[in-house]
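Undergrad:
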Amino acid sequence: MAFLRNTWYVGAWSHEVKRELTPRKLLGEPVLFYRKENGDAVAIGNRCPHRFAPLHLGRLVGDAVECGYHGLQFDCSGACVDNPHGDHRIPAAAKVRSYPLVEQHGLVWLWMGEPGLADPADVPDYSHLVDPALKTIGDVMLQKANYELVVDNLMDLTHVNYLHAPYQKNDDFLAAKHEVVHQGRTLDSLRSIPSTTAPPSFTPFLDDPAKPVDYWLNIRWHAPGACLLEVGVVPVGRPRSEGIRRQGTHIVTPETATTTHYFYASSRNYLLDDPKADLETRNWQQLGFHEQDKPMLEAVQEMMGTTDLDALRPVLLTSDAAAVRVRRMMKELMKAETDAGSKPIFVLNK
Amino acid sequence: MAFLRNTWYVGAWSHEVKRELTPRKLLGEPVLFYRKENGDAVAIGNRCPHRFAPLHLGRLVGDAVECGYHGLQFDCSGACVDNPHGDHRIPAAAKVRSYPLVEQHGLVWLWMGEPGLADPADVPDYSHLVDPALKTIGDVMLQKANYELVVDNLMDLTHVNYLHAPYQKNDDFLAAKHEVVHQGRTLDSLRSIPSTTAPPSFTPFLDDPAKPVDYWLNIRWHAPGACLLEVGVVPVGRPRSEGIRRQGTHIVTPETATTTHYFYASSRNYLLDDPKADLETRNWQQLGFHEQDKPMLEAVQEMMGTTDLDALRPVLLTSDAAAVRVRRMMKELMKAETDAGSKPIFVLNK
Amino acid sequence: MAFLRNTWYVGAWSHEVKRELTPRKLLGEPVLFYRKENGDAVAIGNRCPHRFAPLHLGRLVGDAVECGYHGLQFDCSGACVDNPHGDHRIPAAAKVRSYPLVEQHGLVWLWMGEPGLADPADVPDYSHLVDPALKTIGDVMLQKANYELVVDNLMDLTHVNYLHAPYQKNDDFLAAKHEVVHQGRTLDSLRSIPSTTAPPSFTPFLDDPAKPVDYWLNIRWHAPGACLLEVGVVPVGRPRSEGIRRQGTHIVTPETATTTHYFYASSRNYLLDDPKADLETRNWQQLGFHEQDKPMLEAVQEMMGTTDLDALRPVLLTSDAAAVRVRRMMKELMKAETDAGSKPIFVLNK
Numbered sequence: 011m012a013f014l015r016n017t018w019y020v021g022a023w024s025h026e027v028k029r030e031l032t033p034r035k036l037l038g039e040p041v042l043f044y045r046k047e048n049g050d051a052v053a054i055g056n057r058c059p060h061r062f063a064p065l066h067l068g069r070l071v072g073d074a075v076e077c078g079y080h081g082l083q084f085d086c087s088g089a090c091v092d093n094p095h096g097d098h099r100i101p102a103a104a105k106v107r108s109y110p111l112v113e114q115h116g117l118v119w120l121w122m123g124e125p126g127l128a129d130p131a132d133v134p135d136y137s138h139l140v141d142p143a144l145k146t147i148g149d150v151m152l153q154k155a156n157y158e159l160v161v162d163n164l165m166d167l168t169h170v171n172y173l174h175a176p177y178q179k180n181d182d183f184l185a186a187k188h189e190v191v192h193q194g195r196t197l198d199s200l201r202s203i204p205s206t207t208a209p210p211s212f213t214p215f216l217d218d219p220a221k222p223v224d225y226w227l228n229i230r231w232h233a234p235g236a237c238l239l240e241v242g243v244v245p246v247g248r249p250r251s252e253g254i255r256r257q258g259t260h261i262v263t264p265e266t267a268t269t270t271h272y273f274y275a276s277s278r279n280y281l282l283d284d285p286k287a288d289l290e291t292r293n294w295q296q297l298g299f300h301e302q303d304k305p306m307l308e309a310v311q312e313m314m315g316t317t318d319l320d321a322l323r324p325v326l327l328t329s330d331a332a333a334v335r336v337r338r339m340m341k342e343l344m345k346a347e348t349d350a351g352s353k354p355i356f357v358l359n360k
Numbered sequence: 011m012a013f014l015r016n017t018w019y020v021g022a023w024s025h026e027v028k029r030e031l032t033p034r035k036l037l038g039e040p041v042l043f044y045r046k047e048n049g050d051a052v053a054i055g056n057r058c059p060h061r062f063a064p065l066h067l068g069r070l071v072g073d074a075v076e077c078g079y080h081g082l083q084f085d086c087s088g089a090c091v092d093n094p095h096g097d098h099r100i101p102a103a104a105k106v107r108s109y110p111l112v113e114q115h116g117l118v119w120l121w122m123g124e125p126g127l128a129d130p131a132d133v134p135d136y137s138h139l140v141d142p143a144l145k146t147i148g149d150v151m152l153q154k155a156n157y158e159l160v161v162d163n164l165m166d167l168t169h170v171n172y173l174h175a176p177y178q179k180n181d182d183f184l185a186a187k188h189e190v191v192h193q194g195r196t197l198d199s200l201r202s203i204p205s206t207t208a209p210p211s212f213t214p215f216l217d218d219p220a221k222p223v224d225y226w227l228n229i230r231w232h233a234p235g236a237c238l239l240e241v242g243v244v245p246v247g248r249p250r251s252e253g254i255r256r257q258g259t260h261i262v263t264p265e266t267a268t269t270t271h272y273f274y275a276s277s278r279n280y281l282l283d284d285p286k287a288d289l290e291t292r293n294w295q296q297l298g299f300h301e302q303d304k305p306m307l308e309a310v311q312e313m314m315g316t317t318d319l320d321a322l323r324p325v326l327l328t329s330d331a332a333a334v335r336v337r338r339m340m341k342e343l344m345k346a347e348t349d350a351g352s353k354p355i356f357v358l359n360k
Numbered sequence: 011m012a013f014l015r016n017t018w019y020v021g022a023w024s025h026e027v028k029r030e031l032t033p034r035k036l037l038g039e040p041v042l043f044y045r046k047e048n049g050d051a052v053a054i055g056n057r058c059p060h061r062f063a064p065l066h067l068g069r070l071v072g073d074a075v076e077c078g079y080h081g082l083q084f085d086c087s088g089a090c091v092d093n094p095h096g097d098h099r100i101p102a103a104a105k106v107r108s109y110p111l112v113e114q115h116g117l118v119w120l121w122m123g124e125p126g127l128a129d130p131a132d133v134p135d136y137s138h139l140v141d142p143a144l145k146t147i148g149d150v151m152l153q154k155a156n157y158e159l160v161v162d163n164l165m166d167l168t169h170v171n172y173l174h175a176p177y178q179k180n181d182d183f184l185a186a187k188h189e190v191v192h193q194g195r196t197l198d199s200l201r202s203i204p205s206t207t208a209p210p211s212f213t214p215f216l217d218d219p220a221k222p223v224d225y226w227l228n229i230r231w232h233a234p235g236a237c238l239l240e241v242g243v244v245p246v247g248r249p250r251s252e253g254i255r256r257q258g259t260h261i262v263t264p265e266t267a268t269t270t271h272y273f274y275a276s277s278r279n280y281l282l283d284d285p286k287a288d289l290e291t292r293n294w295q296q297l298g299f300h301e302q303d304k305p306m307l308e309a310v311q312e313m314m315g316t317t318d319l320d321a322l323r324p325v326l327l328t329s330d331a332a333a334v335r336v337r338r339m340m341k342e343l344m345k346a347e348t349d350a351g352s353k354p355i356f357v358l359n360k
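Protein chains in written order, with this note's numbering: chain A, 11 to 360; chain B, 11 to 360; chain C, 11 to 360.
Right, dumping it as structure tokens:
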């Protein structure tokens, strides 16, 4: 399966990258994360070009990584800097890939394509994750499903009324006005439901849960897999700024063609220091993402038996509007990349 | 692997189909079982044509099934009867397969081919399963072996003298007269052993186990996978109607090319209300089918590494007569089906 | 994957072959081991030519094996000697392969190629395994890695300074003079380190561990997978015959293209009757082979995703000299075998 290459992908949460060797597969490639002595995060290829040992089985020597099999050392640019054997000459091919990296707002973004094209300015804005006016709770999980299925799940939020009914059902949701706005590499899916009942996930935090609210639910997709959700409720007729709301971070990065790293978080603007509200968040993340989305997405992947959705000729509904446009935009972006002659940029040992 | 399509297959025991959504894969197809409010059994396709969610993760709404992912509803004919999204229009392709079904004598039979050709009169007679003069004990299990291997096992009963020796060995069995009779879609394999020692599985139920008996063992195969065994002993020279005997139900339905649902039961005409005899039956079903046949068949499948027996050029023995004819008849039936232009009848979403 | 056929492979330790049916896959072929009533070891094919049951699920009848499915019997030449069915005629094709076998020095060697070419004189000399002047401790394990990777591991012993550092590191080892000598089907890799610190695995057995020693480490590879290691230390300037030393048996036999039987032993010339020295040996075999080599080799296999090392263009170092020559010699031997028109010699049932 081909992936979009010249783009930023989240490789890890900042707190996952430590002063130790941490492997993770991204887009089918073995990547090695660690921090330099000065604290900078590093991502290089995890496969030694000598005998193909995974470098994470070795050890850190200063800012370099020593292979645990025969002792070659690589620095954070991927260059071999020590060959302990024979005349100590370093073969020209002795190097691993180094990934352009931006660490920002608690996320570690990697550029998986042609390094010269990497522009840190293109990293999507997830500053809400470190906004002191919000309380953020999140984690990462693996879904045994193609990343496009996970994006489809996020871009058609009508599923919350079925799959997540216990804490998200809203009777006016499916009939709500739905706007889809495309701009550059982003797509917004916007829903407003005026004067409705608050969904169950908000009711514990409202003075009078029975009182009607204005409810909104927006999601912004940024190619290829970063989704930023905003959901909130406010007393009818009041400005949204007065409401209680949550920013949802939902970022997917392919591990392989059929498995996906799913980075998620919820940032709320209420009860910032309330451990019960923290626990509430963790509980529905566990229920919603681990016990509802994950089994469904993995079952869909298994039912499909392929990563090519179109080949199965899915029946399309109006609620698919955003997900279908996202898939079409991804096709265009990938075609543009292929047409520009961009091939797999870095072929190990060539 | 191709399967015979225009024929009845057992999909479930009646008691397995309840007022709840129950998935089972048959011939590689995802099937969903449930009962209507009036108690009728239903079998429809288990894959939603919208986003390919398994319908069994949804819920029953009256006699319809609501998909648990985005809420489409399908009735028991497989038609979509509710689209909760947008203008509620139901796309023409929004349907799942519905399987012609006959529930009879405790078994649920499905027609896996062209619906118009399904004739309930063709369902084999297993009325012994509900005969009040017999006591029936049975269950269903999965064998990780191609269904033809399970049928071979049943159609060459000489294996009981080796694999099931502890409770079935009979010293005169291999030399017994063996008749193979072919008629239409059935084949009978008939064995009579006059004046012999009763096999161990009968001795607990005989007044004098050492006394010689007339012993018979017949099996009728009905294409593609239904085998009806009759085995009995009677005092030498007496009519079989005076004997103690068991009707064995052995029905195999492919799950996939290398896995098989095996529906089995034993119906005895003696000690109908004796819990010890029930337990005896369960014990040798457990031993014989789960601990002897299953490991052997699964090991054979693994040794073969293919489902094409002929490609491995098996050495044939006289004891293979019935099994070989069954395979030949299956080839003819499948060829006839292909020649008649019968293609995969129902292609999802086309 | 092709394997060298006309050569001796270790199939088992002598003590593993008993008066019972023991299966083992070698070079992808199902092999059955047992002992005749006179104690001779036998290796025949483990797949019955009738219905492809594994013969080890049957039983021994004298020196013959009775298939547990339908009762065919095979003698230790692989010939069918009893067909209990019908007219008892034995079909010409009813036979399994019989492997030429040499049991010597505690090892059972099989000839996996053309039987007529098998010459017991070609079995490598492992008489140290039964030398009363040595104490031998060993076992067998399965590595989920291609056998060539296991041989590479043995033929480039510089890995001990990294992977096995805790008990093998020697600071002068990488700079030691290294001689590679090729002769016929063997290759010797010889290292001498005069006046150095004894490696940790020897220090418990030296009067004064801090005192410098002459240290040597030789390994002889015998195609295709038998490696004989000699490692020893002696007070500086004294003859090696006065040293304490260990003969290491490291013999690899492919199970499949990606899994390998690894027969290992250590034969020491000191503390022959010391249970603590035995335990010490078992401990570093467990640590070194099971907890260090095995995870590394299996990770390399997974990282490679292929058994074709060359296709990945490995970076070569001077320390690869012996391993590279071994691979080249194997290519030549296999080419010679192919050129000589040697095809898969024994095709089951043809």
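C-beta atoms are modelled at their ideal positions from N, C-alpha and C, and glycine is treated no differently.
Less than 6 angstroms between C-beta atoms, sequence neighbours within five positions excluded: which residues of the same chain meet that for R255 (chain B)?
TA: Closer than 6 angstroms at the Cβ level, and outside the excluded window around R255 (chain B), lie G242 and N279.
Undergrad: Answer yes or no: does any C-beta atom of chain A fall closer than 9 angstroms to that of T317 (chain C)?
TA: It does not; no Cβ of chain A falls within 9 angstroms.
Undergrad: For A51 (chain A), which option in A:C58, A:A63 and A:D73 has the closest C-alpha, if you only look at C-alpha atoms?
TA: Out of A:C58, A:A63 and A:D73, A:D73 has the C-alpha closest to the C-alpha of A51 (chain A).
Undergrad: Which residues in chain C have a C-beta closer than 7 angstroms to the C-beta of L67 (chain A)? List them in chain order.
TA: Those within 7 angstroms of L67 (chain A) in chain C are M306 and A309.
Undergrad: Using the DSSP secondary-structure output, state which residues sit across from A143 (chain C) in a beta bridge.
TA: Paired residue(s): none; A143 (chain C) is not in a bridge.
Undergrad: In the DSSP assignment, find the alpha helix (DSSP H) that holds P285 (chain C) and state where it starts and stops.
TA: That run of the alpha helix (DSSP H) goes P285 to Q295.
Undergrad: From I63 (chain C) to H232 (chain B), what does the alpha carbon distance come to, in whole angstroms?
TA: The residue asked about is misnamed: residue 63 (chain C) is Ala in this sequence, not Ile. C-alpha separation (whole angstroms): 26 angstroms.
Undergrad: Starting from the beta carbon of R80 (chain A), find every residue of chain C whose beta carbon is closer than 8 angstroms, and list them in chain order.
TA: Per the sequence presented here, residue 80 (chain A) reads as His, with Arg not at that position. The answer, in chain order, is D166, T168, H169, Y172, L327 and S329.
Undergrad: Quick one: grab the DSSP three-state call for L2 (chain B).
TA: Limits of chain B in this structure are 11 at one end and 360 at the other, which puts residue 2 (chain B) out of reach.
Undergrad: Among C:D330, C:G247, C:P214 and C:T196, whose alpha-carbon lies nearest the alpha-carbon of I203 (chain C)?
TA: Nearest of C:D330, C:G247, C:P214 and C:T196 to I203 (chain C), Cα basis: C:G247.
Undergrad: For R56 (chain C) versus L65 (chain C), is the C-beta spacing smaller than 9 angstroms?
TA: In the sequence under discussion, the amino acid at residue 56 (chain C) is Asn, which differs from the Arg named in the question. Cβ distance < 9 angstroms, so N56 (chain C) and L65 (chain C) count as in contact.
Undergrad: Would you mind telling me which residues of chain A sit closer than 8 angstroms to P324 (chain C), beta carbon to beta carbon, in chain order?
TA: Chain A residues near P324 (chain C): P59, H60, R61, F62 and N359.
Undergrad: Who are the neighbours of A185 (chain B) on chain A, taking C-beta pairs under 8 angstroms?
TA: Residues of chain A passing the Cβ test: none, with the nearest at roughly 50 angstroms.
Undergrad: So for L358 (chain B), helix, strand or coil by DSSP?
TA: Any reading at L358 (chain B) must be qualified, since the residue scores a pLDDT of 38, below 50, and its modelled position is unreliable; the value itself is stated next. If DSSP states are grouped into helix, strand and coil, L358 (chain B) belongs with coil.
Undergrad: Rounding to the nearest angstrom, what Cα-Cα distance links R15 (chain C) and S211 (chain B) in this structure?
TA: Their Cα atoms are separated by approximately 49 angstroms.
Undergrad: Between the beta-carbon of L144 (chain C) and the beta-carbon of S24 (chain C), is there less than 9 angstroms?
TA: No.
Undergrad: Please list, in chain order, all residues of the same chain as T317 (chain B) whose beta carbon is under 6 angstroms from its beta carbon, the five residues on each side excluded.
TA: For T317 (chain B), where only same-chain residues beyond five positions count, the Cβ hits under 6 angstroms are M11, N156 and A267.
Undergrad: Let me know if D283 (chain B) comes out buried or exposed under the rule of 16 or more other beta-carbons within 10 Å of its beta-carbon.
TA: D283 (chain B) should be labelled exposed.
Undergrad: Could you give the first and the last residue of the continuous alpha helix (DSSP H) run that contains R337 (chain C)?
TA: Looking at the DSSP string, the run of the alpha helix (DSSP H) that includes R337 (chain C) is A331 to D349.
Undergrad: May I ask whether a heavy atom of the ligand FAD can be found less than 8 angstroms away from the beta carbon of A331 (chain B)?
TA: No copy of the ligand FAD occurs in the structure displayed, which carries no ligand at all.
Undergrad: Are the C-beta atoms of D320 (chain C) and some chain A residue less than 9 angstroms apart?
TA: No, D320 (chain C) lies away from the interface with chain A (no Cβ there is under 9 angstroms from its Cβ).
Undergrad: Using only the alpha-carbon positions, how far apart do N180 (chain B) and N171 (chain B) sit?
TA: Using only the alpha carbons, I get a separation of about 7 angstroms.
Undergrad: Can you list, in chain order, the residues of the region 94–125 of chain A whose Cβ is nearer than 8 angstroms to any Cβ on chain C?
TA: Listed by position, the residues of the region 94–125 of chain A near chain C (Cβ gap below 8 angstroms) are P94, H95, G96, D97, P101, A103 and A104.
Undergrad: Once you ignore the five residues that flank R362 (chain A) on each side, which residues in its own chain have a CB closer than 7 angstroms to its CB?
TA: Look at the range of chain A in this structure, 11 to 360, and you will see that residue 362 (chain A) is not part of it.
Undergrad: Identify the contact partners of M416 (chain C) in chain A, using a Cβ-Cβ distance below 9 angstroms as the criterion.
TA: Chain C is shown from 11 up to 360; residue 416 (chain C) falls before or after that span and cannot be answered.
Undergrad: Whole-angstrom Cβ separation of H271 (chain C) and V150 (chain C), contact assumed at under 8 angstroms?
TA: Contact flag correct, Cβ pair sits at about 6 angstroms.
Undergrad: According to a CB-to-CB cut-off of less than 9 angstroms, which residues of the region 135–164 of chain A neighbour chain B?
TA: If the cut-off is 9 angstroms between Cβ atoms, the region 135–164 of chain A has L159, D162 and N163 near chain B.
Undergrad: I'd like the ranges of any alpha helix (DSSP H) spanning at least 4 consecutive residues and lying wholly in the region 130–213 of chain C.
TA: As far as the region 130–213 of chain C is concerned, its whole alpha helix (DSSP H) runs of at least 4 residues are 157–165 and 175–178.
Undergrad: I'd like the list of long-range same chain contacts for H115 (chain B), defined as Cβ closer than 7 angstroms, with 5 residues on each side in sequence excluded.
TA: So the list reads Y136, S137, L139 and V140, once near-sequence residues are dropped.
Undergrad: Do we get a CB-CB distance below 9 angstroms when we pair E76 (chain A) with the residues of chain C?
TA: At least one chain C Cβ lies under 9 angstroms of E76 (chain A).
Undergrad: What residue does the alpha helix (DSSP H) around E312 (chain C) start on, and which one ends it?
TA: Element bounds for E312 (chain C): K304 to M314.
Undergrad: Around the Cβ of V357 (chain B), are there at least 16 other Cβ atoms within 10 angstroms (buried) or fewer (exposed)?
TA: In this predicted model, V357 (chain B) has a pLDDT of only 38, less than 50, meaning its place in the structure is not dependable enough to derive any value.
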